[in-house]
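Inspection log for the structure reproduced underneath, given as C-alpha cells.
Number of protein chains: 4
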Amino acid sequence: MSTQPHPPGGLFDGPVHLYAVRVYYEDTDLSGVTYHANYLRWFERARSDVLRLLKIDQRAAIEAGTGAYAVADMALKYLRPAKLDDDIVIRTYCTDIRAASVKMSQHALRGEDVLCTASLRIGFVAPDGRPRRQPEKWCDAFKTVLTEEMSQ
Amino acid sequence: MSTQPHPPGGLFDGPVHLYAVRVYYEDTDLSGVTYHANYLRWFERARSDVLRLLKIDQRAAIEAGTGAYAVADMALKYLRPAKLDDDIVIRTYCTDIRAASVKMSQHALRGEDVLCTASLRIGFVAPDGRPRRQPEKWCDAFKTVLTEEMSQ
Amino acid sequence: MSTQPHPPGGLFDGPVHLYAVRVYYEDTDLSGVTYHANYLRWFERARSDVLRLLKIDQRAAIEAGTGAYAVADMALKYLRPAKLDDDIVIRTYCTDIRAASVKMSQHALRGEDVLCTASLRIGFVAPDGRPRRQPEKWCDAFKTVLTEEMSQ
Amino acid sequence: MSTQPHPPGGLFDGPVHLYAVRVYYEDTDLSGVTYHANYLRWFERARSDVLRLLKIDQRAAIEAGTGAYAVADMALKYLRPAKLDDDIVIRTYCTDIRAASVKMSQHALRGEDVLCTASLRIGFVAPDGRPRRQPEKWCDAFKTVLTEEMSQ
Numbered sequence: 001m002s003t004q005p006h007p008p009g010g011l012f013d014g015p016v017h018l019y020a021v022r023v024y025y026e027d028t029d030l031s032g033v034t035y036h037a038n039y040l041r042w043f044e045r046a047r048s049d050v051l052r053l054l055k056i057d058q059r060a061a062i063e064a065g066t067g068a069y070a071v072a073d074m075a076l077k078y079l080r081p082a083k084l085d086d087d088i089v090i091r092t093y094c095t096d097i098r099a100a101s102v103k104m105s106q107h108a109l110r111g112e113d114v115l116c117t118a119s120l121r122i123g124f125v126a127p128d129g130r131p132r133r134q135p136e137k138w139c140d141a142f143k144t145v146l147t148e149e150m151s152q
Numbered sequence: 001m002s003t004q005p006h007p008p009g010g011l012f013d014g015p016v017h018l019y020a021v022r023v024y025y026e027d028t029d030l031s032g033v034t035y036h037a038n039y040l041r042w043f044e045r046a047r048s049d050v051l052r053l054l055k056i057d058q059r060a061a062i063e064a065g066t067g068a069y070a071v072a073d074m075a076l077k078y079l080r081p082a083k084l085d086d087d088i089v090i091r092t093y094c095t096d097i098r099a100a101s102v103k104m105s106q107h108a109l110r111g112e113d114v115l116c117t118a119s120l121r122i123g124f125v126a127p128d129g130r131p132r133r134q135p136e137k138w139c140d141a142f143k144t145v146l147t148e149e150m151s152q
Numbered sequence: 001m002s003t004q005p006h007p008p009g010g011l012f013d014g015p016v017h018l019y020a021v022r023v024y025y026e027d028t029d030l031s032g033v034t035y036h037a038n039y040l041r042w043f044e045r046a047r048s049d050v051l052r053l054l055k056i057d058q059r060a061a062i063e064a065g066t067g068a069y070a071v072a073d074m075a076l077k078y079l080r081p082a083k084l085d086d087d088i089v090i091r092t093y094c095t096d097i098r099a100a101s102v103k104m105s106q107h108a109l110r111g112e113d114v115l116c117t118a119s120l121r122i123g124f125v126a127p128d129g130r131p132r133r134q135p136e137k138w139c140d141a142f143k144t145v146l147t148e149e150m151s152q
Numbered sequence: 001m002s003t004q005p006h007p008p009g010g011l012f013d014g015p016v017h018l019y020a021v022r023v024y025y026e027d028t029d030l031s032g033v034t035y036h037a038n039y040l041r042w043f044e045r046a047r048s049d050v051l052r053l054l055k056i057d058q059r060a061a062i063e064a065g066t067g068a069y070a071v072a073d074m075a076l077k078y079l080r081p082a083k084l085d086d087d088i089v090i091r092t093y094c095t096d097i098r099a100a101s102v103k104m105s106q107h108a109l110r111g112e113d114v115l116c117t118a119s120l121r122i123g124f125v126a127p128d129g130r131p132r133r134q135p136e137k138w139c140d141a142f143k144t145v146l147t148e149e150m151s152q
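Quick mapping for you: the protein sequence lines, in order, are chains B, D, C and P. With this note's numbering, letter number 46 in the first sequence gets 46, and the count goes up by one each step, no holes. With this note's numbering, letter number 39 in the second sequence gets 39, and the count goes up by one each step, no holes. With this note's numbering, letter number 139 in the third sequence gets 139, and the count goes up by one each step, no holes. With this note's numbering, letter number 72 in the fourth sequence gets 72, and the count goes up by one each step, no holes.
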C-alpha cells in the first residue's frame, strides 16, 4: 500500500484539461459559499497544471528573466455557489494562440452543474511588463491542444 | 495630536466613489506585481464601503436571513501592473439598478494611470441562493448615486 | 485510461497524516517564495482532510448549528522557503485530545527538508463562539490516531 | 471639502504603532468570522506601515538585491472572533533588535477587546534565502521605537 499522497495534478481528455479542487474553509466567506475571487485562484492552478503537462517551465523562464504569463483580460459568470467540501472539476481548453498571447475558456463544475465560467486571454510579458513573443516551442506546445469554443 | 489611526474609508465625489488601497506583500506574487485575483478583493472592499456610506447594512441583512449581494458576472481588463507600496485609488460608480441587481464600473488607478478595470453586476440573493428583490430602501439608496457609463 | 482527475486527498501512514500540495502563483509573494500566511492555508487543508478521513462531517455540524473547530493557538517556525512548482508534503499528527480541543503538530516538507513547522490547538466552538465539548464520536475518532510528539 | 480618500496609514503613539483595518467579506469564512490566517495579513500590513514610517524602503532593497524581511517564527493566540464590518486596530511594538532580526509583539483589538495576539521575530534575508545583517541605518531606525514587552 502506497504511503505517498498524490500531489495535485490534472490530465488531458483530448484537448480538454481536467483538474480537481476541493472547497476548503479558506475558499468560503460568511455567506457560506466560495468567495468570488477564489475561483480565479482555482482557474490559475489549473492553468499552471496545463503548463506543467505541456512541459512549459515557467519558473525557469522567470528565473532566467525571459518573462512570464499574465492575465490580460477575463470575463466571468457566476452561476451557482460552491460549498465547503464540494469536489469541483476545472475544465480548461485553449481556443486561440497568437504570437504573444493565448485565449482560454475555463469552467468550474460540480458533477454536471456549471458553477462558474471564465473566458480569458493570457499574455506573455517581459520582466519590464511589456508584451513579448512567447517562446516558439511553447506556442507549438499550446497548438497540440488547440480546440474550438464549445458550449458548456 | 490624534493617536487614533484612520480606519480605511472612502468618499463620494458626486456619484463616483473613491477608495484608497496600498499594495502590501500579501497582494503581490513572484512576478513582483499584484496577483490578478487580488484586484477583485480591492474592488470588493470599495463596494463594501459604498454600501456603508449608503447606509446599507449588509451584515444585519445576512444575520436576519434576508439575503446578501453576490457577484453575478464581471469583465476585467488588466492594463498595467501594481507594485509593492503603490498607492491605488479605486473608483466605483453605479450604471444601472434593477429590482434584484445593480450594475457597476470599477477602475483601479495609480495617479492618472488606469491599472485595471471591471464592469460587473451584483445580484441580491436569498440564503438558499435564489435571486431576490433587494429591499426597496436599498434600491432608493443606490439611485442617489446612479450615473452614466463614463470613459476612463 | 482514466479521464477523471484525482481530487486532492491525503492518507494516514500509521497515525501520521500525509497531504500533498504544490506551490502555485497565488502562494508566492514578490520575494519569490511562499508568503508566510499561506502555510496556514496548507495546514488547514491538511486538517480538513484529516477530518474527512476520520468521518468527521464538519459541514453538517455547521449547518445543524452544532459548532465548528477553530484554531485557538499556534506556534510557527519558518525554516526554509518554498518555491513555485515545489511539491510539498504536509505531515499532521494529533498529540493530545481533550473534551473541547485537540492538539496537533504539522510540518511542511520538501523531500527531507522541513520548511515550516506548526504546533497548534484547535477548539470546538458553538455558533455563539463559546467553547463546547466536541461530539464524543469525534473524540473517539481522533483517539484512533493519537500519538506522541515526535522530533521532525 | 476633500475629494481624496485617505490611503491606509498608521501612526506611532510613543513606541506603539497603531494601524486600523476593517473586516471585509474576503476576511471571513463560512463560520461567519475572520479566517485565522487572515490575521497574519493584517499584522503584515501593520508591520509594512511601521517600515514606511521609519523610512525603511523595503521595495528599493528588494529591487537592489540587498534583501528583505521574512518572518522567522510566530506564536499566535486567538481569543475572540472578528466579524464583518468590525473596526479593528492593530497595535505593534518592537521588543528586541539584533544584527539580523527584530522581535515584535502585535495585538488585534476591537475597542478594548483583544481578539488575537502575535509574538514574532522577523529576520533580514539575502535573495539566496540566507540570514544577513540588516542595514545599520535600519537597525537605528528600529531602535527609536524599541520598548519593553507589555501586558495587553
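Glycine residues also receive a C-beta, built at the ideal position from the N, C-alpha and C atoms. All values derive from a computational prediction rather than experimental measurement.
- Name the chain P residues that come within less than 7 Å of L76 (chain C), Cβ to Cβ? D73, M74
- Task: Work out the CA separation of S151 (chain P) and V71 (chain D) for me, nearest whole Å.
- Result: Distance from the CA of V71 (chain D) to the CA of S151 (chain P), rounded to the nearest whole angstrom, comes to 43 Å.
- Message: Does A60 (chain C) pass the burial test, meaning 16 or more other C-beta atoms within 10 Å, or should it be called exposed?
- Response: exposed
- Message: Give the list of continuous beta strand (DSSP E) stretches no shorter than 3 residues that lie fully inside the region 99-149 of chain P.
- Response: 101-110, 113-125
- Query: How would you call G67 (chain C), buried or exposed, if buried means at least 16 neighbouring beta carbons within 10 angstroms?
  - Reply: Around the CB of G67 (chain C), 16 or more other CB atoms lie within 10 Å, so the residue is classed as buried.
- May I ask you to list, following chain order, the residues of the region 80-114 of chain C that have a beta carbon less than 9 Å from some beta carbon of chain P? Of all residues in the region 80-114 of chain C, R80, P81 have a Cβ within less than 9 Å of some Cβ in chain P.
- Output the distance between the C-alpha atoms of C145 (chain P) and R98 (chain D), rounded to the nearest integer angstrom. The identity of residue 145 (chain P) in the sequence shown is Val, whereas the question assumes Cys. About 53 Å.
- Query: Expressed to the nearest angstrom, what Euclidean distance is found between the alpha-carbon atoms of A46 (chain C) and D13 (chain P)?
  - Reply: 41 Å
- Task: Measure the beta-carbon distance from H6 (chain B) to A108 (chain C) and round it to whole angstroms, keeping in mind my assumption that it falls under 8 Å.
- Result: Between H6 (chain B) and A108 (chain C) a beta carbon distance of about 17 Å is seen, past the 8 Å cut, so the two are scored as non-contacting.
- Name the chain E residues whose beta carbon is nearer than 9 Å to that of S31 (chain C)? Protein chains B, D, C and P are contained in the structure displayed, whereas chain E is not.
- Query: Taking C-alpha atoms, which residue in D:L30, D:D96, D:D29 lies nearest to I122 (chain D)?
  - Reply: D:D96
- Query: In three-state terms, what does DSSP make of R80 (chain D)?
  - Reply: Note: R80 (chain D) maps to coil in three-state DSSP.
- Query: Using a C-beta cutoff of 7 Å, does Y39 (chain P) count as contacting chain D?
  - Reply: no
- Task: Under 8 Å by Cβ, that's how I've got E63 (chain B) and Y25 (chain C) pegged, so tell me the actual separation to the nearest angstrom.
- Result: Not quite, the Cβ-Cβ distance comes to about 14 Å (not below 8 Å), so this is no contact.
- Host beta strand (DSSP E) of A20 (chain P) (start-end): Unbroken beta strand (DSSP E) run through A20 (chain P): 16-22.
- Message: Using the three-state DSSP reduction, which class does I88 (chain D) fall into: helix, strand or coil?
- Response: Of the three classes helix, strand and coil, the one that applies to I88 (chain D) here is strand, per DSSP.
- Task: Please report how far the alpha carbon of R130 (chain B) lies from the alpha carbon of P81 (chain D), in whole angstroms.
- Result: 10 Å
- Give the interface partners of E26 (chain D) over in chain C, defined as CB-CB distance under 8 Å, in chain order. Result: D29, Y35, A37.
- Query: Between D155 (chain B) and R110 (chain B), which are expected to be in contact by the criterion C-beta below 8 Å, what is the C-beta distance as a whole number of angstroms?
  - Reply: The displayed coordinates of chain B run from 1 to 152. Any statement about residue 155 (chain B) would go beyond what the structure contains.
- Query: When DSSP labels each residue in this structure, what does R47 (chain C) get in the three-state scheme?
  - Reply: helix
- Reduced DSSP secondary structure (H/G/I, E/B, other) of M1 (chain B): Unreliable positioning characterises M1 (chain B) in this predicted model, as indicated by a pLDDT of 49, which lies under 50. The coordinate reading is nonetheless provided below. Residue state, collapsed to three classes: coil.
- Return the bridge partner residues of I97 (chain D) from the DSSP annotation. The beta-bridge partner set that DSSP reports for I97 (chain D) consists of D:V102.
- Task: Give me whichever residues DSSP pairs with T34 (chain C) in a beta bridge.
- Result: DSSP lists C:T28 as partners of T34 (chain C).
- Query: Within 7 Å (strictly less), CB to CB, does A64 (chain B) reach chain D?
  - Reply: No Cβ of chain D is located within less than 7 Å of the beta carbon of A64 (chain B).
- Message: Which residues does DSSP list as the beta-bridge partners of D13 (chain P)?
- Response: Beta-bridge pairing by DSSP links D13 (chain P) to P:V16.
- Message: Using CA atoms only, rank isn't needed, just tell me which of P:K103, P:A75, P:F124 is closest to E149 (chain P).
- Response: Its Cα nearest to that of E149 (chain P), the residue P:K103 stands out among P:K103, P:A75, P:F124.
- Item | Partners in chain D for A70 (chain B), counting only beta-carbon separations shorter than 9 Å | S31, V33, H36, Y78, P81
- Straight-line Cα distance separating L76 (chain B) from I88 (chain B): For the pair I88 (chain B) and L76 (chain B), the Cα-to-Cα distance works out to about 17 Å.
- Item | Interface positions of the region 7-25 of chain C facing chain P (Cβ-Cβ less than 7 Å), listed along the chain | none
- Task: With 7 Å as the threshold, decide whether the Cβ of R45 (chain B) is near any Cβ in chain C.
- Result: Output row for R45 (chain B): interface = yes.
- Message: By the three-class DSSP mapping on this structure, what secondary structure does A64 (chain D) have?
- Response: In the structure shown, the three-state DSSP call for A64 (chain D) is coil.
- Which listed residue (D:A37, D:A126, D:S31, D:Y78) has its alpha carbon closest to that of P127 (chain B): D:S31
- Please report how far the alpha carbon of T3 (chain B) lies from the alpha carbon of D49 (chain B), in whole angstroms. A direct Cα-Cα distance of roughly 23 Å separates T3 (chain B) from D49 (chain B).
- Item | Chain-ordered neighbours of T144 (chain C) on chain B, where CB pairs are closer than 7 Å | By Cβ distance, chain B contributes nothing, its closest Cβ being about 17 Å from T144 (chain C), past 7 Å.
- Message: Strictly under 7 Å for the Cβ-Cβ distance: is G67 (chain D) near chain B by that measure?
- Response: G67 (chain D) does not count as touching chain B.
- Item | T147 (chain C), buried or exposed, once every other Cβ within 10 Å from all chains shown has been counted against 16 | exposed
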